[in-house]
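Asks: Provided herewith is a single structure, encoded as structure tokens, for subsequent inquiry.
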Amino acid sequence: MSDESVLPLARPMIGVSGKTGSWRLQRPLYDSSKCIKCRLCWLYCPDSTIDINEGSADFITINYDYCKGCGICSNVCPTKAITMAPEG
Amino acid sequence: MGVALKTLTGNYAVATAVKLARVNVISAYPITPQTTIVEKLAEMVELGELKADMIRVESEHSALAAVYGAASGGARAFTATSSHGLLYMHEMLWWVAGSRIPVVMAVVTRTIGPPWNIWTDHSDVMDQRDTGWLITFTENNQETLDETIKLFRITEDERVFLPGIVTLDAFILSHTTEPVDVPDQSLVDAFLPPRKQPYVFRAGEPIIMGNIPRDLKWNMMMREDIDKAMERAKKVIEEADLLWGKLVGRRYGGLTECYRCEDAKHFIIGVGAWVGDMREAVDYLREKLGLRVGLIKIRYFRPFPREDIIKWLNNAMSAVVFDRSVSPSAGGPIFVEVLASLASAGVRTPVRGVIAGLAGVDVTPEDIANAVLTSVSEAEELGTFKQSVLWFYGGE
Ligand code: SF4
Ligand code: SF4
Chain A
1 MSDESVLPLA
11 RPMIGVSGKT
21 GSWRLQRPLY
31 DSSKCIKCRL
41 CWLYCPDSTI
51 DINEGSADFI
61 TINYDYCKGC
71 GICSNVCPTK
81 AITMAPEG
Chain B
1001 MGVALKTLTG
1011 NYAVATAVKL
1021 ARVNVISAYP
1031 ITPQTTIVEK
1041 LAEMVELGEL
1051 KADMIRVESE
1061 HSALAAVYGA
1071 ASGGARAFTA
1081 TSSHGLLYMH
1091 EMLWWVAGSR
1101 IPVVMAVVTR
1111 TIGPPWNIWT
1121 DHSDVMDQRD
1131 TGWLITFTEN
1141 NQETLDETIK
1151 LFRITEDERV
1161 FLPGIVTLDA
1171 FILSHTTEPV
1181 DVPDQSLVDA
1191 FLPPRKQPYV
1201 FRAGEPIIMG
1211 NIPRDLKWNM
1221 MMREDIDKAM
1231 ERAKKVIEEA
1241 DLLWGKLVGR
1251 RYGGLTECYR
1261 CEDAKHFIIG
1271 VGAWVGDMRE
1281 AVDYLREKLG
1291 LRVGLIKIRY
1301 FRPFPREDII
1311 KWLNNAMSAV
1321 VFDRSVSPSA
1331 GGPIFVEVLA
1341 SLASAGVRTP
1351 VRGVIAGLAG
1361 VDVTPEDIAN
1371 AVLTSVSEAE
1381 ELGTFKQSVL
1391 WFYGGE
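Those sequence lines, one after another, are chains A and B.
Throughout the first sequence, residue numbering follows the working numbering, covering 1 to 88 in sequence.
Throughout the second sequence, residue numbering follows the working numbering, covering 1001 to 1396 in sequence.
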């Protein structure tokens, strides 16, 4: 990067804005028995809070520290392996 | 000496320059009178003469977005547009400049509607003057070709890192054929170093551009940095003119050229194709009427040549600024900036702003000479102008 310019750049970091999962009204619940490993939830999650676990019984893990409960993963899941439940 | 004389329209001169600059990515949407620039480039790509990707898009907003994306990824990228197309792109101009990504765009200046009109005036490009793009006006097809090539070097200089616009007047240059010296590829390669830019987006190296900063002062500092880079560009433009002059034997001056200014007491100021007509007017006023008139051709409107204007007008008796666009109730933009430059240095030379040639209304060398003659007589008699802004239709 250049030393001459003041640039509108940032490096992405985990949790730079705090634990955004505290906003969540609905919690995505994953049922691995229905999962066909298509990765759509991983691709569509706007906060990148879904990790893929290659070769494990649970193909995905949802990080509830940062999942904001938007429901997009549940909406795109072709087999309804992710459902939304109200937070307590 | 490594050049070949060809007959080219202004639009083909731009396309030839873009090819010589070895551009990697081109994207554009057709609009008269720009269309033949990218048509020609598409043909060059199709024939394998230019190894570049041509991205077809559904609008000018997308054209600049595509070019911006490619340039962010490290490509030398180009687009061209006119008039309403440029206005549709306007938001993306801010994004490109704000991200400090060098890009070159040709603007074939054309009137903005309503009513519909395809002829030249400078309203479209003047509407971009606060975006942070360099803006150069060209007088003939040779200068259009030369300045397009230079703009790649200037915008990619680390002291600048801003995008740039090269303008040519609709039809008067864009569709008029003139003899143009086309430099050898080897000369252009010697002039243009490999592309530089402040950062490159690469897969696997995540960076975020444009996030809200924690402290809003950083945001303001980025605007100030664009202002400083624009000031630094003045020197870079002069260096490019010098180097290009050494390679091809043509120099234009840096931000301005002063024609017959040595002993001038009265000055004409203008930009773009009608500067050619202004030269004729100066010759006529000097040779037939014995008036000591000089012409300041503004080659770069951004950065604005404040220092040159002050230097030439410091001891002048009067100046007449011709604007081919207007900011209603404020006068022509060049007029306003000339006045501001003089005021910043305490220079009190009387300046008249003439608004003419809007909507493509023809203005001849005789019209220009008449308008200047009236102003010169008034300034000599009164030492001031009774009316500072004049709407001038010519032909009387
Ligand atoms: S609910 Fe929204 S934020 Fe949470 S994992 Fe699903 S897509 Fe991501
Ligand atoms: S979208 Fe559904 S099926 Fe596809 S990987 Fe995610 S949870 Fe499994």
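The beta carbon of each residue, even a glycine, is placed where N, CA and C say it ideally should be.
Where do the N-terminal and C-terminal ends of the alpha helix (DSSP H) with B:Q1142 fall, by residue?
Replies: As a first step, residue 1142 of chain B is located in the second sequence; it is residue number 142 there, counting from the start. Run containing B:Q1142: 1141-1155, per the alpha helix (DSSP H) assignment.
Asks: For the alpha helix (DSSP H) that B:W1218 lies in, which residues bound it at each end?
Replies: To locate residue 1218 of chain B, count along the second sequence from 1; it is residue 218. Where B:W1218 is concerned, the enclosing alpha helix (DSSP H) stretches over 1216-1248.
Asks: Starting from B:W1312, trace the beta strand (DSSP E) both ways and give me its first and last residue.
Replies: Locating residue 1312 of chain B in the second sequence gives position 312, where the first residue counts as 1. No beta strand (DSSP E) holds B:W1312; the alpha helix (DSSP H) holding it covers 1306-1313.
Asks: Using a 10 Å radius around the Cβ and a threshold of 16 neighbouring Cβ atoms, would you call A:V16 buried or exposed?
Replies: Along the first sequence, read from residue 1 onward, the residue named residue 16 of chain A stands at position 16. Label assigned to A:V16: exposed.
Asks: Could you give the distance in angstroms between the alpha-carbon of B:A1066 and the alpha-carbon of B:G1074?
Replies: For this step, residue 1066 of chain B is matched to residue 66 along the second sequence. For this step, residue 1074 of chain B is matched to residue 74 along the second sequence. The alpha-carbon atoms of B:A1066 and B:G1074 are separated by roughly 13 Å.
Asks: Cβ of A:C45 versus every heavy atom of ligand 1: is any distance shorter than 7 Å?
Replies: If you number the first sequence from 1, residue 45 of chain A lands on position 45. Checking the Cβ of A:C45 against ligand 1 gives yes.
Asks: What would DSSP say about B:L1173, mapped onto helix, strand or coil?
Replies: As a position in the second sequence, residue 1173 of chain B is number 173, starting the count at 1. B:L1173 falls in the coil class under three-state DSSP.
Asks: Pull out every residue of the stretch 1156-1168 of chain B whose Cβ sits closer than 7 Å to any Cβ of chain A, in chain order.
Replies: For the stretch 1156-1168 of chain B, which is checked against every Cβ of chain A, the residues closer than 7 Å are E1158, R1159, F1161.
Asks: Indicate the three-state DSSP secondary structure (helix, strand or coil) for B:F1301 in the structure shown.
Replies: Here residue 1301 of chain B corresponds to residue number 301 of the second sequence, with the count starting at 1. Three-state DSSP puts B:F1301 in a strand.
Asks: For B:K1019, which of B:T1032, B:E1046, B:H1122 has the nearest alpha-carbon?
Replies: For the purposes of this step, residue 1019 of chain B is taken as the residue at position 19 of the second sequence. Closest by alpha carbon: B:E1046.
Asks: Using the Cβ count rule (16 or more neighbours within 10 Å means buried), how would you classify B:G1270?
Replies: Indexing the second sequence from 1 puts residue 1270 of chain B at position 270. So B:G1270 counts as buried.
Asks: If we ignore side chains and look at the alpha-carbon of each, how far apart do B:I1355 and B:L1050 end up?
Replies: Against the second sequence, residue 1355 of chain B aligns to sequence position 355. Against the second sequence, residue 1050 of chain B aligns to sequence position 50. Distance between the alpha carbons of B:I1355 and B:L1050 is about 42 Å.
Asks: Between the C-alpha atoms of B:M1126 and B:S1325, what's the straight-line distance to the nearest angstrom?
Replies: Residue mapping note: residue 1126 of chain B aligns to position 126 of the second sequence, counting from 1. Residue mapping note: residue 1325 of chain B aligns to position 325 of the second sequence, counting from 1. Near 7 Å, if we compare the C-alpha coordinates of B:S1325 and B:M1126.
Asks: Please decide whether B:D1189 counts as near chain A, where near means a Cβ-Cβ distance under 8 Å.
Replies: Working through the second sequence from its first residue, we reach residue 1189 of chain B at position 189. No - not a single Cβ of chain A is within 8 Å of the one on B:D1189.
Asks: If you draw a straight line from the C-alpha of B:W1274 to the C-alpha of A:L40, how long is it?
Replies: Residue mapping note: residue 1274 of chain B aligns to position 274 of the second sequence, counting from 1. Residue mapping note: residue 40 of chain A aligns to position 40 of the first sequence, counting from 1. Near 59 Å, if we compare the C-alpha coordinates of A:L40 and B:W1274.
Asks: At the level of alpha carbons, what is the spacing between A:V6 and B:S1318?
Replies: One-based indexing of the first sequence puts residue 6 of chain A at position 6. One-based indexing of the second sequence puts residue 1318 of chain B at position 318. Each residue's Cα considered, the two are about 41 Å apart.
Asks: I'd like the span of the beta strand (DSSP E) that includes A:R27, first residue to last.
Replies: Counting from one through the first sequence, the residue named residue 27 of chain A turns up at place 27. Run containing A:R27: 26-30, per the beta strand (DSSP E) assignment.
Asks: If you run the structure through DSSP and keep just helix, strand and coil, what is B:P1365?
Replies: The residue you call residue 1365 of chain B lines up with position 365 of the second sequence. Three-state DSSP puts B:P1365 in a helix.
Asks: Assess, as a yes-or-no matter, whether the stretch 1249-1265 of chain B is touched by the stretch 1349-1367 of chain B under the definition of 3 or more beta carbon pairs within less than 8 Å.
Replies: The stretch 1349-1367 of chain B vs the stretch 1249-1265 of chain B: no contact.
Asks: Have a look at B:V1376 and B:G1346 and give me their C-alpha separation to the nearest angstrom.
Replies: Looking up residue 1376 of chain B in the second sequence gives position 376. Looking up residue 1346 of chain B in the second sequence gives position 346. Near 22 Å, if we compare the C-alpha coordinates of B:G1346 and B:V1376.
Asks: Pick out whichever of B:K1040, B:S1027, B:H1122 has its Cα sitting closest to the Cα of B:R1076.
Replies: For this step, residue 1076 of chain B is matched to residue 76 along the second sequence. For B:R1076, the nearest C-alpha among the options comes from B:S1027.
Asks: For chain B, is any of its Cβ atoms less than 8 Å away from the one on A:V76?
Replies: Within the first sequence, numbered from 1, the residue matching residue 76 of chain A stands at position 76. Answer no: the Cβ-Cβ gap between A:V76 and chain B never drops below 8 Å.
Asks: Exposed or buried, what is B:M1092 when buried is set at 16 or more other beta-carbons lying within 10 Å of its beta-carbon?
Replies: On the second sequence, residue 1092 of chain B is found 92 positions in, with the first residue counted as 1. Its Cβ being crowded by 16 or more others within 10 Å, B:M1092 is buried.
Asks: According to DSSP, is B:M1317 part of a helix, a strand, or is it coil?
Replies: In the second sequence, residue 1317 of chain B corresponds to position 317, counting from 1. Three-state DSSP puts B:M1317 in coil, outside helix and strand.
Asks: Take every Cβ of the stretch 1110-1129 of chain B, pair it with every Cβ of the stretch 1192-1201 of chain B, and state whether three or more of those distances are shorter than 8 Å.
Replies: Cβ pair count under 8 Å is below three, so no.
Asks: For B:I1208, which residues in chain A fall below 8 Å Cβ to Cβ?
Replies: Your numbering for residue 1208 of chain B matches position 208 in the second sequence. Ordered by position in chain A, the residues that pass the 8 Å Cβ test against B:I1208 are L9, A10, R11, P12.
Asks: Closer than 8 Å, CB to CB, is B:S1059 near chain A or not?
Replies: Along the second sequence, one-based indexing puts residue 1059 of chain B at 59. It does not; no Cβ of chain A falls within 8 Å.
Asks: Using a Cβ-Cβ cutoff of less than 7 Å, which residues in the same chain neighbour A:S32 once the five nearest sequence positions on both sides are dropped?
Replies: As a first step, residue 32 of chain A is located in the first sequence; it is residue number 32 there, counting from the start. So the list reads A57, D58, F59, once near-sequence residues are dropped.
Asks: Give a yes or no on whether 8 Å exceeds the smallest Cβ distance from B:R1153 to chain A.
Replies: Counting from one through the second sequence, the residue named residue 1153 of chain B turns up at place 153. No, B:R1153 lies away from the interface with chain A (no Cβ there is under 8 Å from its Cβ).
Asks: Just to check, is the beta-carbon of A:C38 closer than 7 Å to a non-hydrogen atom of ligand 1?
Replies: Taking the first residue of the first sequence as position 1, residue 38 of chain A is located at position 38. A:C38: no, Cβ never under 7 Å from ligand 1.
Asks: Under 7 Å from any heavy atom of ligand 2, does the C-beta of A:T79 make it?
Replies: Reading the first sequence from its first residue, position 79 is the one you call residue 79 of chain A. Yes.
Asks: Chain A beta carbons: is any one of them nearer than 8 Å to that of B:S1072?
Replies: The residue given as residue 1072 of chain B occupies position 72 in the second sequence. No, no contact with chain A.
Asks: Would B:D1225 pass as an interface residue toward chain A - the criterion being a Cβ-Cβ separation below 8 Å?
Replies: Position 225 of the second sequence, counted from the start, is the residue given in the question as residue 1225 of chain B. Interface residue, yes.
Asks: For B:T1007, count neighbouring C-beta atoms within 10 Å of its own C-beta (all shown protein chains included) and say buried if the count is 16 or more, exposed if not.
Replies: Your numbering for residue 1007 of chain B matches position 7 in the second sequence. Exposed, by the Cβ-count rule.
Asks: What is the DSSP secondary structure of B:S1027, counted as helix, strand or coil?
Replies: For the purposes of this step, residue 1027 of chain B is taken as residue 27 along the second sequence, with counting starting at 1. Three-state result, B:S1027: strand.
Asks: Just verifying my parser: in three-state terms, what is the DSSP assignment at B:Y1259?
Replies: Residue 1259 of chain B sits at position 259 when you count from the first residue of the second sequence. B:Y1259 falls in the strand class under three-state DSSP.
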